[in-house]
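For the sequence shown, my numbering begins at 19 and goes up steadily by one. So the structure is just underneath, and the comments pick up after that.
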Amino acid sequence: MRRLLGRLRCAHVLMVALLAVGCGEDELELAALLADESVVLKTGVLADSGPVGMVVRVQNIGADAANIYSVEFDDEEQPAGIFRLDVNFSSSAKVAAGAELNIPVIFERATNAPGRCDFMAISTLRINYLAGQGQQRELRIRLVVTDDCPGEMRCAPANPQLPDTVRGQTSRLKMGCANFAQTPVLIEAIELVSTTGPIKLEFASASPPRELVQGDVFDFELIFSPEALGEVTNTLRVRRQGGANIDLNVRAEGIRPRPLCSQPAPQAPAMPADIDGYTFDLESDAPVNYHGVVADLASISESYAPMLHRAVLIATGAYLSDYCTVSNTGASFRWEGLPCTEGDGTLYNVLGIGLSEAITAQILSAAVGDNVRFEGYDIERIKRAGYWQDGGMSNGVGNRAMFISRVCDLE
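Set out below in structure tokens:
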């Protein structure tokens, strides 16, 4: 490594160490971390290997000390296993000019990880540090772990499974293909066999063709944006020059943002005694529920009730008539048209406080046209240096401030 560094020109140092300065005297005033290897490869990690160690070696080739303030992984945990720093390593290390630093890493293979030739884990270790004049710098080193399976190129994860994704939202899965052969491998293309559908492909940099020398990793991502419920599959094909295609089976599933009301309700989370100094009076200890089709949505900016996430106007019966116009603007709502009150119906403006992060996500997932039910407990007053209350209701119409224990879909 020392002989190699002695021959490096200034431009090479800047490229590897990711420095945003030019060559000359200014450069000597800065710390500059350079990795011994841009890719650290660990082979022979078998199913019964247990935790195995890897070492990332860096050297400060600058003229000032480098103060490391964080060392972290892009993908610490993945289906093949988990990367973590050795507990004996401190991420607040100081690397003097000309000094070296060893960063110990532990990889532990998952018990249900794919076997042999389907097993590979890829992550990126990011070393963030301050150079001599306080500039923030980052050094990135790839970590690759494999079994002893022979072969020139493999991709991970071998069986891509995108996270279950709520309809209308988007999830991503990072992937990589690595070359283990001594001779270069040319990737001609990476593509999805079916070019239509909610699964898409995105490259971290330029798309193929791309030549990989030994130890090189080519990064890309799968993106899933379901517009419907249910499982989706596709085939990811990696075409390489002079070798057979690598075909990977991709799976993903679009899921509901909320449970069905026919499903048993879980135990309701406990209601808080206060939130940021605000206390609450309940109208009753008895649980209540309000249902309807979401007719309008609005944000809330009430000075006495900042914990109210959203106003969701839900309607039934006559209030759903094509000739009845309803709307809400936060903690107030209105309806227009004689048909609104000609028949039976309800109109509730639900002002919800989720009793957990998951329930808050259910509240925020409500969209116009959804047929939902809000379950929880009515709040009479929200108090702190005064009080706020929702104005109540009459004849099935009104505001409903609530602690919400579940939002579910009616079938």
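Don't be surprised by glycine CBs; every beta carbon is placed ideally from N, CA and C.
Can you tell which of the options has the C-alpha that lies nearest to the C-alpha of residue i?
i: V184; options: N146, T164, L230 and S243; result: S243
i: A207; options: L59, Q232, F236 and T188; result: F236
i: S223; options: E249, Q232, S212 and G194; result: G194
i: A246; options: D265, G186 and G261; result: G186
i: V73; options: S67, L59 and V63; result: L59
i: C426; options: V312, S412, R160 and G248; result: V312
i: C358; options: N389, G370, T334 and A349; result: T334
i: R258; options: C173, R134 and A304; result: C173
i: Y322; options: G261, S339, I293 and R134; result: I293
i: L64; options: D388, D136 and S280; result: D136
i: I86; options: S67, R134, S280 and L157; result: L157
i: A403; options: A49, G295 and L240; result: G295
i: A349; options: R269, G416, S423 and D388; result: G416
i: G361; options: M171, D234 and Y341; result: Y341
i: P284; options: C167, R228 and I422; result: I422
i: S109; options: E90, I124 and E95; result: E90
i: R160; options: D54, V250 and R190; result: D54
i: Q96; options: F107, R190 and R328; result: R190
i: T188; options: V386, L369, L240 and P277; result: L240
i: Q281; options: R424, L254 and Q154; result: R424
i: Y337; options: G414, G169 and R255; result: G414
i: D265; options: N367, L210 and E170; result: L210
i: G169; options: V306, R134 and S88; result: R134
i: Q154; options: S88, S339 and G387; result: S88
Where residue i and residue j are concerned, what is the direct C-alpha to C-alpha distance, given to the nearest angstrom?
i: F221; j: L204; result: 16 Å
i: Y395; j: T378; result: 15 Å
i: E45; j: R75; result: Residue placement at E45 cannot be trusted, given a pLDDT of 44 that sits under 50; what the coordinates show is reported in the next sentence. Their backbone Cα atoms lie some 22 Å apart in a straight line.
i: G42; j: L52; result: Low confidence applies here, because G42 scores a pLDDT of 42, under 50, leaving its location unreliable; read the following figure in that light. Between G42 and L52, the C-alpha separation is close to 18 Å.
i: M420; j: Q407; result: 11 Å
i: G410; j: D314; result: 19 Å
i: P69; j: I121; result: 16 Å
i: A139; j: P226; result: 22 Å
i: V390; j: L428; result: 6 Å
i: V105; j: P132; result: 27 Å
i: S212; j: V231; result: 29 Å
i: E61; j: G71; result: What sits at residue 61 in the sequence shown is Thr, not Glu. Whole-angstrom Cα-Cα distance: 11 Å.
i: P449; j: A262; result: Because the chain spans 19 through 429 in this model, residue 449 falls outside it and cannot be assessed.
i: K192; j: L356; result: 55 Å
i: Q238; j: N177; result: Reading off the sequence shown, one finds Phe at residue 238, where the question assumed Gln. Taking the straight line from one Cα to the other gives about 15 Å.
i: E271; j: L180; result: 8 Å
i: V166; j: S67; result: The amino acid occupying residue 166 in the given sequence is Asp; Val does not appear at that position. Roughly 12 Å separates the two Cα atoms.
i: G248; j: V268; result: 14 Å
i: R228; j: G372; result: 49 Å
i: I273; j: A50; result: 47 Å
i: R328; j: D303; result: 23 Å
i: V330; j: P290; result: 22 Å
i: V250; j: Q380; result: 23 Å
i: I124; j: N367; result: 53 Å
i: K218; j: P202; result: 28 Å
i: T347; j: A316; result: 6 Å
i: Y405; j: T343; result: 31 Å
i: K112; j: I145; result: 12 Å
i: L365; j: E375; result: 26 Å
i: E320; j: T214; result: 45 Å
Should residue i be labelled buried (16 or more other beta-carbon atoms within 10 Å of its own) or exposed?
i: T164; result: buried
i: N310; result: According to the sequence provided, residue 310 is Gly. The question's Asn does not apply to it. Buried, because 16 or more other Cβ atoms sit within 10 Å of the Cβ of G310.
i: E47; result: Interpretation of E47 is limited by its pLDDT of 47, a score under 50 that renders its predicted location unreliable; no figure is taken from the coordinates.
i: P175; result: buried
i: Y147; result: buried
i: N252; result: buried
i: Y308; result: buried
i: G40; result: Interpretation of G40 is limited by its pLDDT of 38, a score under 50 that renders its predicted location unreliable; the figure taken from the coordinates is listed afterwards. With fewer than 16 Cβ atoms within 10 Å of its Cβ, G40 is classed as exposed.
i: G260; result: exposed
i: R418; result: buried
i: L278; result: exposed
i: Q77; result: buried
i: D234; result: buried
i: A35; result: At A35, the pLDDT of 36 sits below 50, so the modelled position is not reliable; the number obtained from the coordinates is stated separately. Its Cβ being crowded by 16 or more others within 10 Å, A35 is buried.
i: V256; result: buried
i: A385; result: exposed
Say whether chain D places a C-beta atom closer than 7 Å to the C-beta of residue i.
i: L59; result: Absence of chain D from the displayed structure is noted, only one protein chain being present.
Kindly give me the distance between the Cβ atoms of residue i and residue j, rounded to whole angstroms, as I take these residues to be in contact under 8 Å.
i: S56; j: D93; result: In fact, because the Cβ distance is near 17 Å, the residues do not count as touching under 8 Å.
i: P287; j: S383; result: P287 to S383, Cβ: 18 Å. No contact.
i: V162; j: A196; result: 5 Å
i: L326; j: I332; result: Not confirmed; about 16 Å, so no contact.
i: F392; j: G363; result: At roughly 17 Å, the Cβ-Cβ gap does not stay under 8 Å, so F392 and G363 are not in contact.
Pairs of beta-carbons, one from the stretch 76-91 and one from the stretch 116-135, closer than 8 Å: are there three or more? Yes: the two stretches touch, three or more of their Cβ pairs being nearer than 8 Å.
Count the C-beta pairs between the stretch 291-303 and the stretch 395-404 that are closer than 8 Å, then say yes if the count reaches three, no if not. With a cut-off of 8 Å, the stretch 395-404 and the stretch 291-303 count as touching, because enough Cβ pairs lie within range.
Indicate whether the contact test is met: 3 or more Cβ pairs, each with one atom in the stretch 127-142 and one in the stretch 97-106, closer than 8 Å. Output reads yes: the stretch 97-106 touches the stretch 127-142.
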